[in-house]
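Counting in this note's numbering, the sequence shown runs from 5 upward without gaps. Every residue gets a Cβ at the ideal spot worked out from N, C-alpha and C, and that includes glycine. It should be emphasised that the depicted structure is a prediction, and the values quoted were computed from it without experimental measurement. Remarks on the structure that follows.
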Amino acid sequence: MSILANKSTRVLVQGITGTQASFHVKRSMDYGTKIVAGTSPKFGGSEHLGVPVFANIKEAKENIDFDATVMFVPATALKSAVKEAVEAEVPLAVSIANGVPLHDMLEIKAMLDGSQTTLIGPDTPGLITPQEARLGIFPENIHHKGCIGIVSRASTLTYEAVIETNTANLGQSSVVGIGDDMIVGTDFRRIIQLFHEDDETKAIVLVGKSDSLYEQIAAEYYSSLQNKKPIIAFVAGEALPFGHSMGYAGDIITGGRITVQDKKRLMREAGMTVVDNIDQIHQALLDLGL
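Printed below as a string of structure tokens:
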């Protein structure tokens, strides 16, 4: 088991012919990911990296089966890419684009509401199920199959969390970066829910940030659950002076009114184990006795 993607997931890549897309798609293929097609408005009807390229998702859907798309498109093109995925009822979409205009993200959220599509990102390394599927740009060599689910809003700290689970000799069931931006397609709640439904996942590592309300919402959701799986949580940004912004949009919008200390308190009250430093995660996992 795993969440969102596994060795059977059939993946299309939007923007497959781009330089960065080509680099990462090849790595994903080498990892075992089933890349079955791509799209490119300019190169529809051709072939790239051994898979057919179509002009758009609609055309691809008429010719081949797939259940996920990875979007290697610039921030300004993301709205159109998501629209294609939603209209084609693609179950899973992953966007690594950063700097998506706020108004575009509001429109994207409206598109996703009530749709069949789950969007991971934007501004994410994607998701990976070790030894099965890599959707995005995760450094595949650090991941090891195991029983810890990881969900993170801080891209580079996700890699630190992965290393911590390896240090505890527990590995990962799946790793999901929900995105660093202020507005993301999927928040912590949905991923926590999926990990709870996954028999392979025995505990969850959650990495949050100082901006936004996603961590508080996660705490409220976790508090409401019955038969909880353990969550080890870390929130970045505590060492910053009160009111100081890290430059995140959420920091600027909230004006620092919600502190990391507040988030940690709410998480503890909800039943999560909260560590003060990310390098304490492995010991917290060992203390669970899994």
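Could you name the residues of the same chain whose beta carbon sits closer than 6 Å to that of residue i, not counting the 5 residues immediately before and after it, in chain order?
i, result
"ALA97", "THR73, ALA89, THR121, LEU123"
"ALA172", "HIS286, LEU289, LEU290"
"THR205", "GLY153, SER177, PHE199"
"GLY181", "THR128, PRO129, SER156, SER159, THR162"
"THR277", "ILE236, ALA288"
"VAL94", "THR73, THR121"
"MET5", "ASP202, ASP203, GLU204"
"MET33", "ILE39"
To which residues of the same chain is residue i closer than 8 Å at the C-beta, ignoring the five residues directly before and after it?
i, result
"PRO78", "ALA101"
"LYS62", "GLU88, GLU91, ALA92"
"HIS52", "ILE20, THR21, SER26, GLY42, SER44"
"ASP283", "GLU164, GLU168"
"LEU82", "MET75, SER99, ALA101, VAL104, ASP108, ILE112, PRO126"
Out of the options, which has the shortest C-alpha to C-alpha gap to residue i?
i, options, result
"THR263", "TYR226, TYR218, GLN230", "TYR218"
"ARG138", "LYS268, THR277, ARG269, LYS11", "LYS11"
"VAL239", "ALA85, MET115, VAL209, THR80", "VAL209"
"ILE112", "PRO45, ALA9, GLU93, ALA85", "ALA85"
"ASP184", "ALA114, VAL211, THR43, GLY175", "VAL211"
"LEU110", "TYR226, THR190, ASP280", "THR190"
"VAL104", "GLY125, ALA59, SER119, MET115", "GLY125"
"THR21", "ILE7, THR13, PRO45, MET5", "PRO45"
"GLY54", "ALA41, ALA25, GLY48", "ALA41"
"ASP69", "PHE76, ILE141, PHE58", "PHE58"
"ASP108", "ASP215, THR80, GLY275", "THR80"
"LEU229", "GLY175, ARG193, LEU116", "ARG193"
"ILE7", "ASP203, ARG272, LYS213, ASP215", "ASP203"
"GLY175", "ILE195, GLU144, VAL188, LEU106", "GLU144"
"LEU116", "VAL188, VAL179, ARG269", "VAL188"
"GLU224", "ASN67, ALA114, ARG272", "ARG272"
May I ask which residues mark the beginning and end of the alpha helix (DSSP H) holding residue i?
i, result
"VAL17", "Element bounds for VAL17: not the alpha helix (DSSP H) but the beta strand (DSSP E), 14-18."
"SER50", "First-last for SER50: undefined, no H or E at that position."
"MET271", "264-274"
"LYS62", "61-65"
"ILE132", "No alpha helix (DSSP H) contains ILE132, which is instead part of the beta strand (DSSP E) from 130-133."
Can you tell me where the beta strand (DSSP E) holding residue i begins and where it ends?
i, result
"LEU96", "96-99"
"PHE238", "235-239"
"MET75", "72-75"
"ARG138", "137-140"
"GLY206", "Note that residue 206 is Lys in the sequence shown here, rather than Gly. Note, LYS206: premise wrong, no beta strand (DSSP E); not H, not E."
"ALA165", "Element bounds for ALA165: not the beta strand (DSSP E) but the alpha helix (DSSP H), 159-171."
For residue i, which residues from the same chain have a beta carbon less than 7 Å from its beta carbon, with the 5 sequence-adjacent residues on both sides left out?
i, result
"LEU292", "ALA207, PRO234"
"GLN24", "PHE76"
"ILE141", "HIS28, ILE100, PRO129, GLY130"
"GLY48", "VAL57, PHE58, ALA59, GLU63"
"LYS232", "TYR226, GLY275"
"THR13", "LYS38, ASP71, ALA72, ALA137"
"LYS268", "VAL239, VAL278"
Contact defined as beta carbons within less than 8 Å: I believe residue i pairs with residue j. What is the distance between those atoms, to the nearest angstrom?
i, j, result
"VAL15", "LYS38", "6 Å"
"ALA165", "TYR226", "Going by Cβ atoms, the distance from ALA165 to TYR226 rounds to 17 Å, so no, they are not a contact pair."
"SER214", "GLY241", "3 Å"
Subject >> the segment 125-134 / the segment 142-150 touching (three or more Cβ pairs under 8 Å) >> reply: Verdict: yes, contact present.
Original post:
Does the segment 26-34 touch the segment 197-210, meaning 3 or more C-beta pairs lie closer than 8 Å?
Top reply: With the cut-off at 8 Å, the segment 197-210 and the segment 26-34 do not touch.
**OP:** Report yes or no: do three or more beta-carbon pairs, one from the segment 160-172 and one from the segment 219-229, lie closer than 8 Å?
**Re:** With the cut-off at 8 Å, the segment 160-172 and the segment 219-229 do not touch.
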